[in-house]
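K.L.:
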Amino acid sequence: MPTTTFTMDDLTRLLRECAGEDDSIDLDGDIAAIAFEDLGYDSLALFNTVNRIERDYGIRLSDEIVAEVRTPGELLAEIAKHL
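At position 58 of the sequence shown the residue is numbered 58 (the numbering used here), and the sequence of numbers has no breaks.
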């Protein structure tokens, strides 16, 4: 069975596709510890992105987890637990 990985590059690509990008924020830098809010993403943007991740990668993240993650690094860690 092949191993599925999900990287920060995957996450930034999906953030851009699902929620757009604030021109004043550099998503290509080290954003792992920057709050989604500081990156210009609100809860709806995160919800849309997580829905896409769940669909594309066949995983399910609970609403509680999605509500608790504050940074891309935290979200990546949760996704890794489910792959």
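Note that the Cβ used here is the ideal one computed from N, Cα and C, for glycine as well.
Where do the N-terminal and C-terminal ends of the alpha helix (DSSP H) with residue 63 fall, by residue?
P.N.:
Note, residue 63: alpha helix (DSSP H), 63 to 68.
K.L.:
Taking only the alpha-carbon atoms, compute the straight-line gap between residue 14 and residue 72 and give it to the nearest angstrom.
P.N.:
Whole-angstrom Cα-Cα distance: 12 Å.
K.L.:
Quick check on residue 79: does DSSP put it in helix, strand or coil?
P.N.:
Of the three classes helix, strand and coil, the one that applies to residue 79 here is helix, per DSSP.
K.L.:
Does the region 63 to 79 come into contact with the region 31 to 50, if we say contact requires no fewer than three beta-carbon pairs (one atom in each stretch) closer than 8 Å?
P.N.:
Touching, yes.
K.L.:
Give the DSSP-derived three-state secondary structure of residue 6 in the structure shown.
P.N.:
Note: residue 6 maps to coil in three-state DSSP.
K.L.:
Have a look at residue 4 and residue 46 and give me their C-alpha separation to the nearest angstrom.
P.N.:
The straight-line gap from Cα to Cα measures roughly 21 Å.
K.L.:
Whole angstroms are fine: how far does the CA of residue 36 sit from the CA of residue 69?
P.N.:
For residue 69 and residue 36, the distance between alpha carbons rounds to 9 Å.
K.L.:
Out of 82, 55, 56 and 58, point me to the one whose CA is closest to residue 65's CA.
P.N.:
The option with the nearest alpha carbon to residue 65 is 82.
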